[in-house]
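**Q** Attaching a single structure in C-alpha cells format; questions to follow.
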Amino acid sequence: MAQRKVGNPLALAVLAELLVEAMHPYEIGRRLKEHGNDRTLKYNRGSLYMVVEQLKKAGFIAERETVRDTQRPERTVYALTDAGRDELYDWLRELVAQPRNEYPQFGVALSLLSVLAPHDATALLRQRLDRLNAQIEEIRETVRTASDNGVIWVFLVEDEYELAVLEAECRFVTRLIESLQRPDYIRAWQEILGSQT
1 MAQRKVGNPL
11 ALAVLAELLV
21 EAMHPYEIGR
31 RLKEHGNDRT
41 LKYNRGSLYM
51 VVEQLKKAGF
61 IAERETVRDT
71 QRPERTVYAL
81 TDAGRDELYD
91 WLRELVAQPR
101 NEYPQFGVAL
111 SLLSVLAPHD
121 ATALLRQRLD
131 RLNAQIEEIR
141 ETVRTASDNG
151 VIWVFLVEDE
161 YELAVLEAEC
171 RFVTRLIESL
181 QRPDYIRAWQ
191 EILGSQT
C-alpha cells in the first residue's frame, strides 16, 4: 500500500467530487451528504475544511476563484489538479484491488469473549443481533427508497456491501450464540473460569 500525502478517506471523496466540477467546500459537503457519503465517512464541517487545506498543500487541488454573493461570505472555489486526478485514480484502484486488514473493535471483543460467562455473552450477542437486524432494515429501506427515486445501482453499491457484511455478521453471531449454549462449552467455561467470577 502506498503512503499517501493526505491519507484521510475524506480526501478521496473530496477528490471524487471535484472530478465532476470545481466547487467550494460548502458545496462539496452538501454533495457528500446528498450522495450518502456521510454514512460511510465520519466528518464534520471543520474536518472537511481541514482536508481541503491538506489537499491544496499537497498540490492535489488548487484555488480557481473566489465568489461572493450578497447573502453569503466569500467562498473559494477549488478545482482538481492533474496531480489530484492521478492521486484519485491511483488511490481508488488500490483500495478496490487490495484487501486491507482492518481492526474492528468487535474482533477484539471476540478474542476476549471467553472471559464472559456463557449466559452473559449470549445475552449481549442477542442484543447485538437485534441492533444488526435494525441496521439491516434501515439500509434496505434506504436502498429501496433510492432505487424507487431512480438512483442507479452503482451509487448504492456501498450500501449493498454494508448489507452483505451485516448479514454475514448476523449469521456468524447466530452460530456463535448456538455454540455458547452448548453444554460442553458451558462445562469447560465453568471448570476454567467459573471460580473467577
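In terms of the UniProt record's numbering, the sequence shown is numbered consecutively and its last residue is 197. All C-beta atoms in this analysis are idealised placements derived from N, C-alpha and C, irrespective of residue type, glycine included.
Using three-state DSSP, classify L80 as helix, strand or coil.
**A** Here residue 80 is taken as the residue at index 80 of the sequence shown, counted from 1. If DSSP states are grouped into helix, strand and coil, L80 belongs with the strands.
**Q** Can you grab the Cα-Cα spacing for the pair Y22 / R45, in whole Å?
**A** Reading the sequence shown from its first residue, position 22 is the one you call residue 22. Reading the sequence shown from its first residue, position 45 is the one you call residue 45. A quick correction: the sequence has Ala, not Tyr, at residue 22. Roughly 18 Å between the two C-alpha positions.
**Q** With DSSP as the reference, label residue 286 as helix, strand or coil.
**A** In this structure the chain extends from 1 to 197, so residue 286 is not present and cannot be described.
**Q** Suppose the cutoff is 6 Å on Cβ atoms and the five residues either side in sequence are ignored; what does the same chain contact list for R31 look like?
**A** Counting from 1 along the sequence shown, the entry for residue 31 is found at position 31. Taken in chain order, the residues that qualify are E17.
**Q** Going by DSSP in three states, T66 sits in which element: helix, strand or coil?
**A** On the sequence shown, position 66 is the one that residue 66 refers to. Correct three-state label for T66: strand.
**Q** With burial defined as no fewer than 16 other Cβ atoms inside 10 Å of the residue's Cβ, what is the status of I152: buried or exposed?
**A** Indexing the sequence shown from 1 puts residue 152 at position 152. With fewer than 16 Cβ atoms within 10 Å of its Cβ, I152 is classed as exposed.
**Q** Near I186, which residues of its chain fall below 7 Å by C-beta distance, leaving aside the five closest residues on each side in sequence?
**A** Mapped onto the sequence shown, residue 186 falls at position 186. Here the set comprises P118.
**Q** For N37, count neighbouring C-beta atoms within 10 Å of its own C-beta (all shown protein chains included) and say buried if the count is 16 or more, exposed if not.
**A** By 1-based counting over the sequence shown, the position of residue 37 is 37. Per the 10 Å Cβ criterion, buried.
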